[in-house]
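Undergrad: Throughout the first sequence, residue numbering follows full-length UniProt numbering, covering 1 to 561 in sequence. By construction, the Cβ of each residue, glycine as well, lies at the ideal position given by its N, Cα and C atoms. I am attaching a structure below and will ask some questions about it afterwards.
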Amino acid sequence: MPVTRVQLSRLPGGRVLVTEQAGHREVGLDDLPAYVAEREGREAPRWVWDDTGRWYPELLAAGVRVSRCQDLRLVHHLLRRAPAADQRLLAGEQSERWDRLGPSVASEVGLFAVEDTTEQLRADLEDARQLRTVAESPESTRLGLLVAAESAGALVAAEMTYAGMPWRNDVHEALLRDVLGPRPPRGARPQKLEQLADRVREALATPRLNPDSNPELLAALRRAGLEVPDTRAHTLRALRHPAVEPLLRYRQAAHLFQTNGWAWSEEWTSGGRFRPTYQPAGSVTGRWSSNGGGALSFPALVRPAAIADDGWALVVTDVSQLEPRVLAGMSGDRALAHAARGADLYQGMVDDGAVAGRNDAKLGLLGAMYGATSGESGRMVAELTRRYPQAFALLERAAHEGERGGTVRTLLGRGSPSVDDAWADAEADVEREASRRRAYGRFTRNFVVQGTGAEWALCWIADLRNRLWALGAHGPLQARPHLVLFLHDEVVVHTPAHLAEQVVAAAREAAATASALVFRELSIDFPLSASVVRSYAEAGKSSPAAETDEEPVLPTQSVEG
DNA sequence: TAAATTGGCGCC
DNA sequence: AAAGGGCGCCAATTTA
1 MPVTRVQLSR
11 LPGGRVLVTE
21 QAGHREVGLD
31 DLPAYVAERE
41 GREAPRWVWD
51 DTGRWYPELL
61 AAGVRVSRCQ
71 DLRLVHHLLR
81 RAPAADQRLL
91 AGEQSERWDR
101 LGPSVASEVG
111 LFAVEDTTEQ
121 LRADLEDARQ
131 LRTVAESPES
141 TRLGLLVAAE
151 SAGALVAAEM
161 TYAGMPWRND
171 VHEALLRDVL
181 GPRPPRGARP
191 QKLEQLADRV
201 REALATPRLN
211 PDSNPELLAA
221 LRRAGLEVPD
231 TRAHTLRALR
241 HPAVEPLLRY
251 RQAAHLFQTN
261 GWAWSEEWTS
271 GGRFRPTYQP
281 AGSVTGRWSS
291 NGGGALSFPA
301 LVRPAAIADD
311 GWALVVTDVS
321 QLEPRVLAGM
331 SGDRALAHAA
341 RGADLYQGMV
351 DDGAVAGRND
361 AKLGLLGAMY
371 GATSGESGRM
381 VAELTRRYPQ
391 AFALLERAAH
401 EGERGGTVRT
411 LLGRGSPSVD
421 DAWADAEADV
431 EREASRRRAY
441 GRFTRNFVVQ
451 GTGAEWALCW
461 IADLRNRLWA
471 LGAHGPLQAR
481 PHLVLFLHDE
491 VVVHTPAHLA
501 EQVVAAAREA
511 AATASALVFR
521 ELSIDFPLSA
531 SVVRSYAEAG
541 KSSPAAETDE
551 EPVLPTQSVE
561 G
């Protein structure tokens, strides 16, 4: 029995047009949550709407959770670029308006309040076109999966903003005070930041230096006899000069103050929750982006303040080496797939005798996926090409396609943007033209793995969302285990503590489901590392594959609450 | 003076 | 000579 599709379209005057095969009716906006709740409880149809961000937040606020939807805006843009979609089938009444439809922005959240005076979008018309486009595609199965996953992701995004990451403001405040001193008056530097600035000024003999000004800083460094090309931390760290240490400390503290300080907290946290907003498919590769609160760059420094409620726990799980595994799956490279059997793919490459050390494996693979041609990474690429010919050939083909101005696609069928967009103006200079082609080749090279990785992750969180709902027998979303953060290849679930182990199991099962959906009979392992913690900062501490990158200048403290 | 760009850093 | 992909955010700086 196919799932009923119910399309919702906004009408003038606070009315909603509800359409389905069985007929149509009108519902007042105020009555919509009750209407959706009733039908959801009865048959759980697929709700078809223009933009999840315009409909779902109000439903969630009214305590209504839906199990499935189709986000017409996301799917329209997806199909517009999908090589396997017949573009003629997408054309029709209002289709140009769907082309132009951008994401809802935070200020206009709550469609219920917004009264759009312009022509209303008809969800039923667009839905029919999208259904037909997918059905008639030679790749309808994969495209259909992608459409469903993209839409499920939109539900997850809205639910995460609604539920929020549990947040302890007192712990965050203590952390800020520790690094920066007391909160300064508006426009002033915090005490400890000013002290560090003074130490820099002293060491460089420039009493009026503003350390936030790169030109001033560069000039001061050069006057002190330090011939540096820029003022990046990596460059500075190589120097031996008394100004370096306070400057690096200043930079890190200033970044905390500006990006995740008191002002950020006031804007993005409330009621014991951090509520950033996500933008599904905000990146051309299909990865999400975040347009408020910086959810996808949740700095390690403030993670100690993300603490589960009493009696609850945070389950933090991430996929190890997602993109290399995706590469193994989509290229069908048996040697790489063999190395991927286990928790550490890079170690697997070492054990298979392909490479001397784990770090070489990582450099080589990342270099191949990013298009490195020089340095240590570039040398490793050449070496590994012999060991993993199919995987590396797939990347080379993608790069070549981009260099000649073509488009590439992910495994499920998302297409890269056409080169016309990127190369709007012709480049006269031959050198610059060649450089631009190489740059576009690096983009398409990476697009195939980054984009397919994003598809795997979407399937993962979509399936996990269903499993989490099934774990809690009753109650609204926030009373059950629920997703609170999604960072490309990592998810955080806030759960009643007694269900934590079941959540871990659900995450692993969902990963297996995603692998089967995306890679079919090619079975590729996607091992998860999982930790059950009280604070986000405690996650992953015991991971054997912990990266040993540069030491942070400031000690990473864990503040107890 | 406002808008766009740049350099730096955070995350994956 | 050029030199590894995708994002967001901030202050300073440059451009319109």
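Return the chain-ordered ranges of every beta strand (DSSP E) run that is complete within the region 255-316 and spans a minimum of 3 residues.
TA: 277-279, 289-292
Undergrad: On the criterion of 16 or more Cβ atoms from any shown chain inside 10 Å, does residue 270 qualify as buried, or is it exposed?
TA: exposed
Undergrad: Could you check whether the region 499-511 touches the region 193-201, counting it as contact only if at least three pairs of C-beta atoms, one from each stretch, sit closer than 8 Å?
TA: no
Undergrad: Apart from the five residues on each side of it in sequence, which residues of its chain come closer than 8 Å, Cβ to Cβ, to residue 11?
TA: Excluding positions up to five away in sequence, the list reads 17, 26, 120.
Undergrad: Cα-Cα, which of 304, 124, 289, 55 is closest to residue 171?
TA: Looking at the Cα atoms, 304 is the closest of the given residues.
Undergrad: Within the same chain, show all residues whose beta-carbon is closer than 7 Å to that of residue 420, passing over the 5 residues directly before and after it, in chain order.
TA: none
Undergrad: In the DSSP assignment, the beta strand (DSSP E) including residue 70 goes from what residue to what residue?
TA: 69-71
Undergrad: Between residue 84 and residue 151, how many whole angstroms is the CB-CB distance? I'm expecting something under 8 Å.
TA: That belief does not hold up - the Cβ atoms of residue 84 and residue 151 are roughly 18 Å apart, past 8 Å.
Undergrad: Need the endpoints of the beta strand (DSSP E) that residue 486 sits in, please.
TA: 482-486
Undergrad: Three-state secondary structure (DSSP) at residue 20?
TA: strand
Undergrad: I'd like to know if the region 46-65 and the region 368-386 are in contact, where contact means that at least 3 CB-CB pairs between them fall below 8 Å.
TA: no
Undergrad: Considering only residues of the same chain and omitting the five flanking positions on each side of residue 490, which have a CB-CB separation below 8 Å?
TA: 316, 317, 318, 319
Undergrad: So is residue 279 buried or exposed if we call it buried at 16+ other beta carbons inside 10 Å?
TA: Its Cβ being crowded by 16 or more others within 10 Å, residue 279 is buried.
Undergrad: Which one of 65, 82, 467, 487 has the shortest CA to CA distance from residue 294?
TA: The closest CA to that of residue 294, considering only 65, 82, 467, 487, is found on 487.
Undergrad: Are the region 322-333 and the region 438-455 touching, with three or more C-beta to C-beta distances below 8 Å?
TA: yes
Undergrad: Quick test of the definition: if touching needs 3 or more C-beta pairs under 8 Å, does the region 338-345 touch the region 515-525?
TA: yes
Undergrad: Residue 406 to residue 188, Cα distance in whole Å?
TA: 51 Å
Undergrad: Drop a sphere of 10 angstroms on the beta-carbon of residue 2, count the other beta-carbons inside from all chains shown, and report buried for 16 or more, exposed for fewer.
TA: exposed
Undergrad: I'd like to confirm the pairing. Which residues does DSSP put opposite residue 48 in its beta bridges?
TA: 7, 70
Undergrad: Residues in the same chain with beta-carbon distance under 6 Å from residue 139, minus the five sequence neighbours each way, listed in chain order, please.
TA: 84, 413
Undergrad: I think residue 534 touches residue 308, with their Cβ atoms under 8 Å apart; what is that distance to the nearest whole Å?
TA: 5 Å
Undergrad: Where do the N-terminal and C-terminal ends of the beta strand (DSSP E) with residue 495 fall, by residue?
TA: 490-496
Undergrad: Per DSSP, residue 530 forms a beta bridge with which residues?
TA: 317
Undergrad: Starting from the N-terminal side, write out each stretch of the beta strand (DSSP E) that is 3 residues or longer and does not extend beyond the region 434-489.
TA: 482-486
Undergrad: Using DSSP with H/G/I as helix, E/B as strand and the rest coil, what is residue 136?
TA: coil
Undergrad: Run through the region 374-431 for me and flag every whole beta strand (DSSP E) of 3 or more residues, listed as ranges in chain order.
TA: none
Undergrad: In the DSSP output, what is residue 166 paired with across the bridge?
TA: 273
Undergrad: DSSP three-state call for residue 510: helix, strand or coil?
TA: helix
Undergrad: Taking DSSP's pairing of strands, which residues face residue 535 in a bridge?
TA: 307
Undergrad: Kindly indicate which residue of 99, 4, 262 has the alpha-carbon position closest to the one of residue 185.
TA: 262
Undergrad: Is residue 441 buried or exposed, if buried means 16 or more other CB atoms sit within 10 Å of its CB?
TA: Flag for residue 441 reads buried.
Undergrad: Does DSSP put residue 27 in a helix, a strand or coil?
TA: strand
Undergrad: Would you mind working out which of 157, 82, 19 sits nearest residue 51, comparing C-alpha positions?
TA: 157
Undergrad: So, is residue 135 buried or exposed, given that buried needs 16 or more other C-beta atoms within 10 angstroms?
TA: exposed
Undergrad: Just the C-alpha distance for residue 444 and residue 392, rounded to the nearest angstrom, thanks.
TA: Approximately 14 Å between the Cα atoms of the pair.
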